[in-house]
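Presented below is the structure to which this report refers.
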């Protein structure tokens, strides 16, 4: 490959494959450069440090989670149904990642643990999407909440067991879907306008 | 010490001190026997394996969490106030353990991760205490729930971020108490009878 076509995207693509093969602890910028057949200097022109490259890889991975959720948040459906669809999608995406490739999931979990700011920004983005849905619900008259952003954060935190990677070991337990259904009913009962 | 006075309690007391010093990976039954100045055979008479001793240590530690909570669950106060007091106590106990001795907390967390059945029984016990409070609330007419045990489990799971050891890193974040207050209001709004 000539360096002229070495885009940030090509580097991230290669970094993902290298990380997948060697794991985050053993991967170096030199490994990524070698996989692309370029000098490590040309990688540093795009990513000034290994940490910057790692953060960009984490961001790309998390964007694959947040992008389809953003599409759901922006739909026109009634807020309560949209909120349920959003969480069903989040949980399905996370479970699929664990089931399809548990090792890659563990690798990304370790990367994300080191990329704290990127993860914080990701959670902030997801809570912003939830805020949008809850605000729509208040406008529609289906939800009654004083502070939509605080309620969005509360609903996100209340459901951590079903989507936070530290709880991935519980996602295949029997009864997990019934547990979510009961919790969801409780949360909706808390958000919905009383008849 | 003569073996005649070697009770299970004395062994567990010694095992805790040895675990604290060496950590769970390096502690052996022989170390515990040495600390008590007895043969390891006399330990095995009380605990047939290292796993049995480890489980008993975990159980003792977790009992120190559940016992004061049981006292709150059995009080005569109105259910909503009692439920809040129960969670405030759970969160305070967990935070105190982390702050007072982070290394010992990490040690016990590693022990608990290996003692899955003991932890499951502990969570079952806590959810049973919560069920008792919620059933009282239904009888009083303050809560409206179809299945008190399912709701108890849901409230416990919804608050994991504030008491599950995997989230201990977040307990000192600014805003954590406000986060809990918002979540609590949402959960209470879901449980309470509508006026």
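Chains as they are written, first to last, in the UniProt record's numbering: chain A, 1 to 195; chain B, 1 to 195.
Where is the CB? At the ideal position from N, CA and C, for every residue including glycine.
| Asked | Found |
| --- | --- |
| Please identify, using Cβ separations under 7 Å, the residues of the segment 163 to 190 of chain A that lie next to chain B, in order along the chain. | 166, 179, 182, 183, 186, 187, 189 and 190 |
| Output yes if chain B places a C-beta closer than 9 Å to the C-beta of residue 160/A; else output no. | yes |
| Under three-state DSSP, which class holds residue 47/B? | coil |
| Take residue 166/B as the anchor and find which of 11/A, 113/A and 92/A has the nearest alpha-carbon. | 113/A |
| Can residue 142/A and residue 74/A be called in contact, C-beta distance under 9 Å? | no |
| Establish whether the CB of residue 54/B and some CB of chain A are separated by less than 9 Å. | no |
| Closest by CA to residue 123/A, which one among 153/A, 55/A and 60/A? | 153/A |
| In angstroms, rounded to a whole number, what distance separates the CA positions of residue 150/A and residue 137/A? | 14 Å |
| For the candidate residues 8/A, 36/A, 89/A and 96/A, whose alpha-carbon lies nearest to that of residue 60/A? | 8/A |
| Excluding sequence positions up to five away, which residues of its chain have a Cβ less than 7 Å from the Cβ of residue 187/A? | 155 and 158 |
| Count the other CB atoms within 10 Å of the CB of residue 54/A; is the residue buried (16 or more) or exposed (fewer)? | buried |
| Would a check of beta-carbon distances place residue 154/A closer than 9 Å to chain B? | yes |
| Taking the alpha helix (DSSP H) that residue 88/B falls in, what are its first and last residues? | 79 to 100 |
| Among 109/B, 178/B and 174/B, which one has its Cα closest to the Cα of residue 20/B? | 109/B |
| With a threshold of 8 Å on Cβ separation, who are the neighbours of residue 140/B within its own chain once the five nearest residues in sequence on each side are excluded? | 78 and 79 |
| Tell me, please, whether the segment 165 to 180 of chain B touches the segment 85 to 104 of chain B by the rule of three or more beta-carbon pairs shorter than 8 Å. | yes |
| Give the C-beta separation of residue 5/A and residue 62/A to the nearest angstrom, bearing in mind that I take them to be a contact with Cβ-Cβ under 8 Å. | Contact flag wrong, Cβ pair sits at about 26 Å. |
| Pick from 147/B, 90/B and 82/B: whose alpha carbon is nearest that of residue 183/A? | 147/B |
| Measuring alpha carbon to alpha carbon, tell me which of 170/A, 120/A, 129/A and 125/A ends up nearest residue 116/B. | 170/A |
| Measuring only the C-alpha atoms, how far is residue 94/A from residue 65/A? | 8 Å |
| Quick check on residue 22/B: buried or exposed, where buried means 16 or more other Cβ atoms within 10 Å of its Cβ? | exposed |
| Run through the DSSP bridge pairs and tell me what residue 188/B is partnered with. | Per DSSP, none; premise fails for residue 188/B. |
| With which residues is residue 180/A paired in a DSSP beta bridge? | Paired residues: none, contrary to the question. |
| Looking at chain B, is there any beta carbon in it that lies within less than 9 Å of the beta carbon of residue 157/A? | yes |
| Is the Cβ of residue 142/A closer than 9 Å to any Cβ of chain B? | no |
| Just mark residue 49/B as buried or exposed, buried being the case when its beta carbon has 16 or more other beta carbons within 10 Å. | exposed |
| For chain A, check one thing: does any of its Cβ atoms lie closer than 9 Å to the Cβ of residue 110/B? | no |
| Over what stretch of residues does the alpha helix (DSSP H) that includes residue 9/A continue unbroken? | 8 to 22 |
| When every heavy atom of the ligand COA is checked, does at least one fall within less than 8 Å of the C-beta of residue 158/B? | This structure lacks the ligand COA, and indeed carries no ligand of any kind. |
| Could you pull the DSSP bridge partners for residue 105/A from this structure? | Bridge partners of residue 105/A: none, in fact. |
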